[in-house]
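One structure is given here, and the rest of the page talks about it.
In UniProt numbering, the protein residues as written are 1 to 136.
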């Protein structure tokens, strides 16, 4: 018999993305080194989710050498947090460019301001459903 958390995950993922044209978006949160990326990769592989890492999006923007990427790098070097609107816009573009109807957002939102900005910018485009559970 499978552990209860795995059975719940299978049910959760089988229902995700069945709401018409809107993608199902799930946030995966945890501290550095907690395994967010590893779990997202497994869920993406096993259940057909697209894996969007906020950190990877910021690093990719920096690597691309764009004006915005240089600005992001400067902010990070100064020890400041990248403005929510910048990160949300990168996440929004990643969601829109994905063909998957199920999206995992890894490492975002990091604070209440991030969540509010995401909700303000993205909810009107995709719709949001909140489901919060902790698995140990």
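Glycine is no exception: its CB is placed at the ideal position from the N, C-alpha and C atoms.
All values reported here derive from a predicted model rather than from experimental measurement.
Requested in this report: May I ask you to list the residues that DSSP assigns as paired with residue 27?
Outcome: 105
Query raised in the report: With DSSP run on the structure shown, which of helix, strand or coil describes residue 82?
Result: coil
Report task. With residue 53 as the anchor, note down where its beta strand (DSSP E) starts and where it stops. Result -> 50–53
**Report entry** Whole-angstrom distance between residue 123 and residue 114, CA atom to CA atom
**Finding:** 13 Å
Query raised in the report: Along the chain, where does the alpha helix (DSSP H) that runs through residue 198 open and close?
Result: Residue numbering for the chain in the displayed model covers 1 to 136; residue 198 lies beyond these limits and cannot be assessed.
Requested in this report: Apply the 10 Å Cβ neighbour rule to residue 32 and answer buried if 16 or more other Cβ atoms are within range, or exposed otherwise.
Outcome: exposed
Requested in this report: Quick one: grab the DSSP three-state call for residue 66.
Outcome: coil
**Report entry** Rounded C-alpha distance that separates residue 200 from residue 42
**Finding:** Residue 200 is absent from the model: the chain starts at 1 and stops at 136.
**Report entry** Three-way DSSP call (helix, strand, coil) for residue 33 in this model
**Finding:** coil
Query raised in the report: Beta carbon of residue 54, beta carbon of residue 91: below 8 Å?
Result: yes
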